[in-house]
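K.L.:
The structure's right below; bear with me while I get my questions together.
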Amino acid sequence: MNRTQEDALIASVLNWIREHKLPGNHHGAEITEDIDLITDGLLDSMGLVDLLLFVEEQTGRPIDLKTVEPKDICVVKNLCRIALGNEISQSAA
Amino acid sequence: MNMANPVVQTYSLLAEKYDDELNLRSCWGRAAEKILGSLVIEGDDQVVLDVGCGTGRALSQLASRSQPNIQFVGIEPAENMRKCALRRIASCPNISILGGCFEEMPIASQSVDYLFSIFAFHWVTNLRTAVQEIRRVLKPHGRVDLFFIGRNNGQEFIRKTSPIFLKYMGPARFLESARMRSQLTREEALRLFSGTFDPLQVSVTESYETYYDSLEGHWGWWVRIEGQFVSMPAETREACDHEVCTALSDLSAEKGIPYTIHCLHLRLTLEADPQTG
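Protein chains in written order, with our numbering: chain A, 61 to 153; chain B, 12 to 288.
Structure representation (structure tokens):
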């Protein structure tokens, strides 16, 4: 696993979320790599579509949605690992 | 949007329920009625086109308050909705109903004086083609009023229901359902139409209006988004519906359960080129 690459992607994704999060949601709490973007109301389904496009552009590889669980794409650190083709550890899931 | 689109199929399946009292009294029914009351047919209009005309409700009301020499045309992709519309307009010789959609209108070029649409444009799957098609059918001095839902529509419901839909539908179907809609921001809508029309002739206004209703009242319009769940097995659907009902009940306040419609109103007023008339 390339940690530097993963950390850089997480930072880019968190910045993207800060710019594109839904208005009026999340009540100003800190946006971290562990937050669930849907359950915590940061993004809706259309926002998630846009985020996946952004991540795929960053990595240059498509994410196979048929093989992932909700938590794999809604939690930033999981999403970034999947996007880079890295394994999600039990503790991360 | 083609006829095989799940949204079109769902509207077709539910066509007979579309004009139920519950649906007409819902937030969408009330919002559509308000928009209908604001539409203006001008004295020299010859052809008026409603795209996504549904069961023909708006067309028949407009025709009843207009001169009988004006031709009203409705375009609707869902076959059973067209059947309902044809029944409604059976005694109106100046109204016709055709199969088609925003991206493919069976209408002669430069033949429409006034094109309007109420809560249909957000179902368009190819936005650029749709805008070019609108351009094609309009007369050089044509006018357009499109009312459609914007990017921030129904956020109260979305916050409550998205985790549930994601759980039951799984990521692939959940995101596929999001791709069925084109919910634009005001700025995106302005950019889209300004790419094909003179930006000076395009205006987009937006409004946010909160409607309160009972759970039963809101459920009455749920038919409009059922297209997203066509591929969900019946037993899963039942469990999903149950959780959604519970989640929406949590929103209940003194006035009822709120739902805020983010409506974009795109208006185009073309001016004929003095050299071509």
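Glycine included, each C-beta is placed from N, C-alpha and C at the ideal position.
Taking Cβ-Cβ distances below 9 Å as the criterion, which residues of the region 104-120 of chain A are in contact with chain B?
P.N.:
104, 105, 106, 107, 108, 109 and 112
K.L.:
Does the beta carbon of residue 140 (chain A) sit closer than 9 Å to a beta carbon anywhere in chain B?
P.N.:
no
K.L.:
Would DSSP call residue 217 (chain B) helix, strand or coil?
P.N.:
It is a strand residue.
K.L.:
Of all the CB atoms in chain B, is at least one closer than 9 Å to the CB of residue 94 (chain A)?
P.N.:
For residue 94 (chain A), not one C-beta of chain B is nearer than 9 Å to its own C-beta.
K.L.:
Report the rounded CA-to-CA distance for residue 109 (chain A) versus residue 56 (chain B), giving the unit in angstroms.
P.N.:
42 Å
K.L.:
Taking just the CA atoms, how far does residue 132 (chain A) sit from residue 150 (chain A)?
P.N.:
A caution first: residue 150 (chain A) carries a pLDDT of 49, below 50, which makes its placement in the model unreliable, though a value can still be read off. Cα to Cα, residue 150 (chain A) sits roughly 12 Å from residue 132 (chain A).
K.L.:
Can you pull out the residues from the region 169-189 of chain B whose beta carbon lies closer than 8 Å to at least one beta carbon of chain A?
P.N.:
169, 170, 173, 174, 176, 177, 178, 181, 182, 183, 185, 186, 188 and 189
K.L.:
How about residue 99 (chain A): is its C-beta nearer than 9 Å to some C-beta of chain B?
P.N.:
Yes, its Cβ sits closer than 9 Å to a Cβ of chain B.
K.L.:
According to DSSP, simplified to helix, strand and coil, what is residue 128 (chain B)?
P.N.:
Three-state result, residue 128 (chain B): strand.
K.L.:
Determine whether the beta carbon atoms of residue 44 (chain B) and residue 35 (chain B) lie at a separation below 9 Å.
P.N.:
Against a cut-off of 9 Å, the Cβ pair of residue 35 (chain B) and residue 44 (chain B) comes out as a contact.
K.L.:
In angstroms, rounded to a whole number, what distance separates the CA positions of residue 79 (chain B) and residue 105 (chain B)?
P.N.:
Whole-angstrom Cα-Cα distance: 7 Å.
K.L.:
Using a C-beta to C-beta distance shorter than 7 Å, which residues of chain B count as neighbours of residue 82 (chain A)?
P.N.:
166
K.L.:
According to DSSP, is residue 45 (chain B) helix, strand or coil?
P.N.:
In this structure, residue 45 (chain B) counts as helix in the three-state DSSP scheme.
K.L.:
Within 9 Å (strictly less), CB to CB, does residue 16 (chain B) reach chain A?
P.N.:
Output row for residue 16 (chain B): interface = no.
K.L.:
For residue 144 (chain B), count neighbouring C-beta atoms within 10 Å of its own C-beta (all shown protein chains included) and say buried if the count is 16 or more, exposed if not.
P.N.:
buried
K.L.:
Can you pull the chain B residues whose beta carbon is under 9 Å from the beta carbon of residue 126 (chain A), in chain order?
P.N.:
What residue 126 (chain A) touches in chain B: 181, 182 and 183.
K.L.:
How about residue 274 (chain B) and residue 168 (chain B): are their beta carbons less than 9 Å apart?
P.N.:
no
K.L.:
I think residue 195 (chain B) touches residue 161 (chain B), with their Cβ atoms under 8 Å apart; what is that distance to the nearest whole Å?
P.N.:
6 Å
K.L.:
When the Cβ atoms of the region 112-130 of chain A are set against those of the region 182-192 of chain B, are three or more pairs found closer than 8 Å?
P.N.:
Touching, per the Cβ criterion.
K.L.:
Give me whichever residues DSSP pairs with residue 3 (chain B) in a beta bridge.
P.N.:
What is shown of chain B runs 12 to 288, which leaves residue 3 (chain B) out entirely.
K.L.:
Does the region 149-158 of chain B touch the region 115-122 of chain B, meaning 3 or more C-beta pairs lie closer than 8 Å?
P.N.:
yes
K.L.:
Would you report the Cα separation of residue 212 (chain B) and residue 279 (chain B), rounded to the nearest angstrom?
P.N.:
6 Å
K.L.:
Of all the CB atoms in chain A, is at least one closer than 9 Å to the CB of residue 163 (chain B)?
P.N.:
yes
K.L.:
For residue 70 (chain A), does the three-state DSSP call read helix, strand or coil?
P.N.:
When DSSP states are grouped into helix, strand and coil, residue 70 (chain A) belongs to the helix group.
K.L.:
Roughly how many angstroms lie between the CA atoms of residue 60 (chain B) and residue 121 (chain A), to the nearest whole one?
P.N.:
C-alpha separation (whole angstroms): 44 Å.
K.L.:
Starting from residue 145 (chain A), trace the beta strand (DSSP E) both ways and give me its first and last residue.
P.N.:
No beta strand (DSSP E) holds residue 145 (chain A); DSSP gives it neither H nor E.
K.L.:
Beta-carbon of residue 194 (chain B) versus every beta-carbon of chain A: anything under 9 Å?
P.N.:
yes
K.L.:
Which residues of chain B have a Cβ atom closer than 8 Å to the Cβ of residue 77 (chain A), listed in chain order?
P.N.:
None at all; the shortest Cβ gap to chain B is about 15 Å.
K.L.:
Given this structure, state the Cα-to-Cα distance separating residue 226 (chain B) from residue 254 (chain B), to the nearest angstrom.
P.N.:
13 Å
K.L.:
Between the C-alpha atoms of residue 208 (chain B) and residue 146 (chain B), what's the straight-line distance to the nearest angstrom?
P.N.:
8 Å
K.L.:
Looking at C-alpha atoms only, which residue of B:156, B:224, B:39 and B:51 is the closest neighbour of residue 72 (chain B)?
P.N.:
Nearest C-alpha to residue 72 (chain B): B:51.
K.L.:
Would you verify that the beta carbon of residue 143 (chain A) is, or is not, closer than 9 Å to some beta carbon of chain B?
P.N.:
no
K.L.:
Does any residue of chain B bring its CB to less than 9 Å from the CB of residue 136 (chain A)?
P.N.:
With 9 Å as the cut-off, residue 136 (chain A) does not count as an interface residue toward chain B.
K.L.:
Comparing alpha-carbon positions, which option in B:133, B:113, B:116 and B:67 lies nearest residue 188 (chain B)?
P.N.:
B:133
K.L.:
So, with DSSP's three-state summary, where would you put residue 92 (chain A)?
P.N.:
coil
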